[in-house]
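Please read the structure below before turning to the comments.
Number of protein chains: 2
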Amino acid sequence: MPASSPPPSPPPSPPPSTTGHAILGLLGLRSWTTYELAKQVQRSLRWFWPRAERKLYDEPKRLVSAGLAHASQESTGKRPRTVYSTTDAGRAALRDWLDEPPAPRTTEFEAMVKVFFADAGTLDQLRTTLERIATEAEERLAEVTELAEIWLAEPAFPERAHLGAIGLALVKGQEEAVLQWATWARGQVDEWAATDDPGHWDPDVVFRRLARG
Amino acid sequence: MPASSPPPSPPPSPPPSTTGHAILGLLGLRSWTTYELAKQVQRSLRWFWPRAERKLYDEPKRLVSAGLAHASQESTGKRPRTVYSTTDAGRAALRDWLDEPPAPRTTEFEAMVKVFFADAGTLDQLRTTLERIATEAEERLAEVTELAEIWLAEPAFPERAHLGAIGLALVKGQEEAVLQWATWARGQVDEWAATDDPGHWDPDVVFRRLARG
DNA sequence: TCTCTTTTACTGCCCTGTGCAGTATCTAGA
DNA sequence: TCTAGATACTGCACAGGGCAGTAAAAGAGA
Chain V
1 MPASSPPPSP PPSPPPSTTG HAILGLLGLR SWTTYELAKQ VQRSLRWFWP
51 RAERKLYDEP KRLVSAGLAH ASQESTGKRP RTVYSTTDAG RAALRDWLDE
101 PPAPRTTEFE AMVKVFFADA GTLDQLRTTL ERIATEAEER LAEVTELAEI
151 WLAEPAFPER AHLGAIGLAL VKGQEEAVLQ WATWARGQVD EWAATDDPGH
201 WDPDVVFRRL ARG
Chain D
1 MPASSPPPSP PPSPPPSTTG HAILGLLGLR SWTTYELAKQ VQRSLRWFWP
51 RAERKLYDEP KRLVSAGLAH ASQESTGKRP RTVYSTTDAG RAALRDWLDE
101 PPAPRTTEFE AMVKVFFADA GTLDQLRTTL ERIATEAEER LAEVTELAEI
151 WLAEPAFPER AHLGAIGLAL VKGQEEAVLQ WATWARGQVD EWAATDDPGH
201 WDPDVVFRRL ARG
C-alpha cells in the first residue's frame, strides 16, 4: 500500500529568534508602531541586543505569521501605519523562552584588535587607539547618568524601574571596567620603547597577577 | 566625440573588512594554513573579534585577490592544503588600518534581555538566568588564568607577550565586572516579592547611585 | 595489521543581520 | 508658504553564522 501524501500543512513558521523574543517583550509592555519600536530598541535594548532599524521592520511580520503578535492597520492622515500588539500565544512564548539557556555573551571590540596588532604600527597609533577606547567609555558613562536621571524624573514605565535599575547597573560596571583598563594601559604603554619592544617592562608581572585567578 | 568605453579594469576588490585586517595581523606573525588560522582565532582573537570557522575559509581568498596576501598550494600526502602569508602590500594595509577610527564596541548579551523582560516570568526563572550569567563569567575567568599560565610557561609568541598581557588584562576586568554585578543582582532580586513587584525595594536608590556619574 | 577515532582541510546552502539608497507623507516652525 | 525634520516603510547587496557533508591523514588500541 503506497504511503499517503502528507496533509497540506501551513509552512511551519520557524521558532522566533532572540530578536523576535525581544520584540515580543516590548509588545508585552504596550502596542507600538514599527517606528516607535525601532526608537525604543535604540534607547533600551541596544545595550544588550543591538539591532539595526531595518531588521525591526521585518521581525514583527514574522511574529504575526507565527501567531505571536497582531498587526492592525491604522493611519495618520493619508499615511498608513502598522500597530503591533502581543497575543496570548506571544505572552506564553516569551514566558517559555525565559527558561531556555541563553546564548553566550559575545563582544565585538575592533579597537582591541588594533591594540593586539599594535606592533604593526607606531606607539602614537597605539596611544590614539587607547584614547578612543577611553573616550567611548566616558561617553557611555555619561549616557548611563542621563538615563538614570530620566528614570528618576519621568520614567516611561515606572512599574518596570526595578528591572531598568539592575540592567543599567551592569552597563555602568562594564563601562567603568573598560575605562579603568584604558587608563591603566595608557600608563603601561608609556614605559615601552616601541610597539614591538617593551624595553624593561615585564609582561610576566601582569601574567602572574592574571594567573592568580 | 563619443565617450570612450572605460578600460577593462579588474574588479576593484572592496577594502578588507575588520575580519580581513585581523587575519592580516595574524599573517604578520607567520604563515598559517586556514585550519591553523581558525584555531588561532579561537584561542586569541575570539575575545574581541569572534568569528565562525566558516568565515575564515573565505576571507583569506579575498585578501589574496586584493594582493594583500599570498597563497601557496602545498600538500600532506595526497591531501592538498593552502598556506597563506602576508605581502608588503598586506603589511602596509595593516599599518594604515591602525589609523582608522575603530567601530564602536558592541555586546550581544542574550541573558540580559531575559533579565530585562524577567517580569514576563517567575522569580525562579530570573534567579536561574543570573546564575547562568555568573557561571559563564567564572568559566571565562578560569580561561584567563589558564592563558596567563601558558603565556608564563610556554608562550607561542614570546616577543608579543606585552600585547597579550594588556589584552588579557582587559578580558579579566570585563569578566570580573560581570561576575560582581551578577552576585550583587542576585542579592537584590532576593528582596523582591515577584518579578513584577519589587516590594519595598527602591529602584531610585540604585538610579541615584548611577546618576552620580 | 586492522580498525576506530581524531585531526586536518575544506565547500555548499540557507538563514540572520547590516547599511544604504530610495519613496512617501505628515508636522512644526520661520 | 517653504522647508526641515519626523514618520513609515521597501529593495538590494553584502557580511557573517550554523550546519551538513566530504575526504584524507595521523595516531591509538586490539
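The listed protein sequences derive, respectively, from chains V and D.
According to my numbering, the first sequence is numbered sequentially starting from 1.
According to my numbering, the second sequence is numbered sequentially starting from 1.
Where a beta carbon is used, it is the ideal one built from N, C-alpha and C, also for glycine.
Contact with chain V by residue i, beta-carbon distance below 8 Å
i         : result
Asp88(D)  : no
Ile166(D) : yes
Trp192(D) : yes
Gly213(D) : yes
Thr145(D) : yes
Trp32(D)  : no
Ser5(D)   : Per-residue confidence for Ser5(D) stands at a pLDDT of 38, beneath the threshold of 50, marking its modelled position as unreliable; the derived number appears in the next sentence. Output row for Ser5(D): interface = no.
Pro102(D) : yes
Phe157(D) : no
Gln180(D) : yes
Pro15(D)  : no
Thr106(D) : yes
Opening and closing residue of the beta strand (DSSP E) in which residue i lies
i        : result
His70(V) : Ala69 to Thr76
C-alpha gap between residue i and residue j, whole angstroms
i         : j         : result
Tyr84(D)  : Thr19(D)  : 15 Å
Leu63(D)  : Pro104(D) : 24 Å
Glu131(V) : Ser17(V)  : 37 Å
Val206(D) : Thr145(D) : 32 Å
Leu123(V) : Thr129(V) : 10 Å
Gly67(D)  : Asp88(D)  : 9 Å
Asp202(V) : Lys114(V) : 21 Å
His200(D) : Leu141(D) : 35 Å
Trp97(V)  : Ser72(V)  : 25 Å
Phe48(D)  : Trp32(D)  : 20 Å
Pro158(D) : Leu168(D) : 15 Å
Glu154(D) : Ser65(V)  : 56 Å
Ala161(D) : Leu94(D)  : 20 Å
Thr107(D) : Glu149(D) : 27 Å
Arg30(D)  : Phe116(V) : 15 Å
Asp58(V)  : Tyr35(V)  : 12 Å
Thr111(D) : Arg127(D) : Per the sequence shown, the amino acid found at residue 111(D) is Ala instead of Thr. Taking the straight line joining both Cα atoms gives about 11 Å.
Ala38(V)  : Asp204(D) : 27 Å
His70(D)  : Arg81(D)  : 13 Å
CB contact below 8 Å: residue i versus chain D
i         : result
Val113(V) : yes
Pro2(V)   : Reliability fails at Pro2(V), whose pLDDT of 41 lies under 50, so the model's placement of it is uncertain and no value is given.
Gly187(V) : no
Phe207(V) : yes
Gln125(V) : yes
Ser9(V)   : The predicted model places Ser9(V) with a pLDDT of 41, which falls under 50 and marks its position as unreliable, so this point remains unresolved.
Arg160(V) : yes
Glu110(V) : yes
Glu231(V) : Chain V is shown only over 1 to 213; residue 231(V) falls outside these bounds and no answer can be derived.
Arg43(V)  : no
Leu210(V) : yes
Gly121(V) : yes
Residues bridged to residue i [DSSP beta-bridge criterion]
i         : result
Ala194(D) : Asp197(D)
Pro80(V)  : Ser75(V)
Glu108(V) : Thr106(D)
Trp32(V)  : Tyr84(V)
Extent of the continuous alpha helix (DSSP H) to which residue i belongs
i         : result
Glu149(D) : Leu123 to Ala153
Ala214(D) : With chain D represented from 1 up to 213, any question about residue 214(D) goes unanswered, as that position is not in the structure.
Asp204(V) : Pro203 to Ala211
Glu59(V)  : Lys55 to Ser65
Leu27(D)  : Thr18 to Leu27
Chain-ordered residues of the region 55 to 82 of chain V with a beta carbon less than 9 Å from chain D: none
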